[in-house]
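Enquirer: Below is a structure I'd like to ask you about.
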Amino acid sequence: MPELPEVETVARSLAPLIGRRILTAQFRGLRVLRGADPETMAACLRGRRITGVERYGKFILVALGGGGYLVIHLGMTGRLLLGGPAGKHTHAILTLDRGAVLLYDDSRQFGLLEYSREFPERFKKLGPEPLEVTVEEFRAALRRRKTRIKALLLNQDFLRGLGNIYADEALFRAGIHPLEIASRIRGDRVSRLHAAVAAVLREAIAAGGSSISDYVDAQGRKGFFQFSHRVYQRTGEPCVRCGSPIRRVLVAQRSSHFCPRCQKR
DNA sequence: ATCGGTACCTGCACGC
DNA sequence: TGCGTGCAGGTACCGA
């Protein structure tokens, strides 16, 4: 489900929580706590006021009054829902004042919930925000890497927030083959890729993200950027630009979709 | 230090 | 109906 545009949309949809106080926190599936003790976690949250909700890469950072953060990563199938009944895959239930309830659902349990007293240590190694990185920084970083460009775009230490959908879509827009070696992308192609990444992310945020199977924001609304995908999961369909059938290759064990004619190596 | 491969989990679509 | 296979928005960890 969640890459930068989806996480941004979810974070925005959590705005109604700002100013609310957490009354109780219950945990069921413990895997998403990654070994943390559920009682300790609940005690860290109980009685705290939510002072802000922001996105950092693909993470959601819920700031708590008096310091400290609830750090959330949605993994592949995580959902935050304001209200609604708890289901089979509900792993956390937070009750808040004025009757609000926040559920964390995650069927595959690749997501993460943690409490952090300080700005999270794990954030320090992440790369820049793709919507903030300058073309000069982007160029310099590309030059140092010998890996395939698709794998690099997925690497959160390079840029924080891109995932499989938007990496494929950005490469298509820039006319770059997913197997191209990063350091061999030079000149105009670098600026084209830099601009394509920003453009596809901005458009996707404006569309509320891509709802591939069951992604919804915290208020249950679907995104509609899936209707604007040009290559992602369009294997065999004609390229919107040249009509060639879209192909699929594995790069770093992830499906990569591209047009063999518009994206030559 | 970097890189690619594998593991982690559940659900779904598909062919038989 | 069921069974096996492959695939899915993610990251951590391992060894080369």
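Reading the first sequence from the start, the letters are residues 2 to 266 in the working numbering.
Each residue gets a CB set at the ideal place from its N, CA and C atoms; glycine is no exception.
Enumerated in chain order, which unbroken segments of the beta strand (DSSP E) with a length of 3 residues or greater are wholly contained in the region 87–149?
Expert: Runs found: 91–97, 102–107, 113–117.
Enquirer: Quick one: using the 10 Å Cβ neighbour count with 16 as the cut-off for buried, is Thr10 buried or exposed?
Expert: Locating residue 10 in the first sequence gives position 9, counting from the first residue. That one is buried.
Enquirer: Would you call Cys243 buried or exposed, if buried means 16 or more other Cβ atoms sit within 10 Å of its Cβ?
Expert: On the first sequence, residue 243 is found 242 positions in, with the first residue counted as 1. Exposed: under 16 other Cβ atoms inside 10 Å.
Enquirer: Using a threshold of 8 Å, state whether the C-beta atoms of Arg266 and Glu170 are closer than that.
Expert: Taking the first residue of the first sequence as 1, we reach residue 266 at position 265. Taking the first residue of the first sequence as 1, we reach residue 170 at position 169. Not in contact: Arg266 and Glu170 (Cβ atoms no closer than 8 Å).
Enquirer: Pairs of beta-carbons, one from the region 96–109 and one from the region 146–163, closer than 8 Å: are there three or more?
Expert: Because the criterion of three Cβ pairs below 8 Å is not met, the region 96–109 and the region 146–163 do not touch.
Enquirer: Ends of the alpha helix (DSSP H) at Ala207?
Expert: On the first sequence, residue 207 is found 206 positions in, with the first residue counted as 1. Unbroken alpha helix (DSSP H) run through Ala207: 189–207.
Enquirer: Of the residues Glu133, Ser212, Leu132, Gln157, which one's Cα is nearest the Cα of Lys126?
Expert: Within the first sequence, residue 126 is the residue found at index 125, counting from 1. For Lys126, the nearest C-alpha among the options comes from Gln157.
Enquirer: Output the distance between the C-alpha atoms of Lys59 and Glu4, rounded to the nearest integer angstrom.
Expert: For this step, residue 59 is matched to residue 58 along the first sequence. For this step, residue 4 is matched to residue 3 along the first sequence. Approximately 6 Å, taken between the alpha carbons.
Enquirer: Can you give the Cα-Cα distance for Leu163 and Val252, rounded to whole angstroms?
Expert: Along the first sequence, read from residue 1 onward, the residue named residue 163 stands at position 162. Along the first sequence, read from residue 1 onward, the residue named residue 252 stands at position 251. Each residue's Cα considered, the two are about 15 Å apart.
Enquirer: Does the beta-carbon distance from Ala64 to Ala43 come in below 8 Å?
Expert: Here residue 64 refers to the residue found at position 63 when the first sequence is read from its first residue. Here residue 43 refers to the residue found at position 42 when the first sequence is read from its first residue. No.
Enquirer: Beta-carbon separation of Gly66 and Tyr116 under 8 Å?
Expert: For the purposes of this step, residue 66 is identified with residue 65 of the first sequence, where counting begins at 1. For the purposes of this step, residue 116 is identified with residue 115 of the first sequence, where counting begins at 1. It is not a contact, given that the beta carbons lie outside the stated cut-off.
Enquirer: According to DSSP, Tyr57 sits in a beta bridge with which residue or residues?
Expert: Taking the first residue of the first sequence as position 1, residue 57 is located at position 56. Paired residues: Phe60.
Enquirer: For the ligand NAP, is there a heavy atom less than 7 Å away from the beta-carbon of His90?
Expert: As presented, the structure is devoid of all ligands, the ligand NAP included, so that no description of it is given.
Enquirer: In the structure shown, what three-state DSSP assignment does Phe28 receive?
Expert: Here the question's residue 28 lines up with position 27 in the first sequence. DSSP places Phe28 in strand when its eight states are reduced to three.
Enquirer: DSSP three-state call for Ile73: helix, strand or coil?
Expert: Counting from one through the first sequence, the residue named residue 73 turns up at place 72. Strand.
Enquirer: So, for Gly112: in the same chain, excluding its five sequence neighbours on each side, which residues have a beta-carbon less than 6 Å away from its beta-carbon?
Expert: The residue you call residue 112 lines up with position 111 of the first sequence. The answer, listed in chain order, is Val33, His74, Leu75, Gly76, Gly79.
Enquirer: The alpha helix (DSSP H) with Tyr252 in it runs from where to where?
Expert: Taking the first sequence and counting its residues from 1, one reaches residue 252 at position 251. Before going further, note that residue 252 is Val rather than Tyr in the sequence given. Where Val252 is concerned, there is no enclosing alpha helix (DSSP H), although the beta strand (DSSP E) it sits in stretches over 248–252.
Enquirer: Rounding to the nearest angstrom, what Cα-Cα distance links Phe120 and Ile247 in this structure?
Expert: Here residue 120 is taken as the residue at index 119 of the first sequence, counted from 1. Here residue 247 is taken as the residue at index 246 of the first sequence, counted from 1. When rounded, the distance between both Cα atoms is 43 Å.
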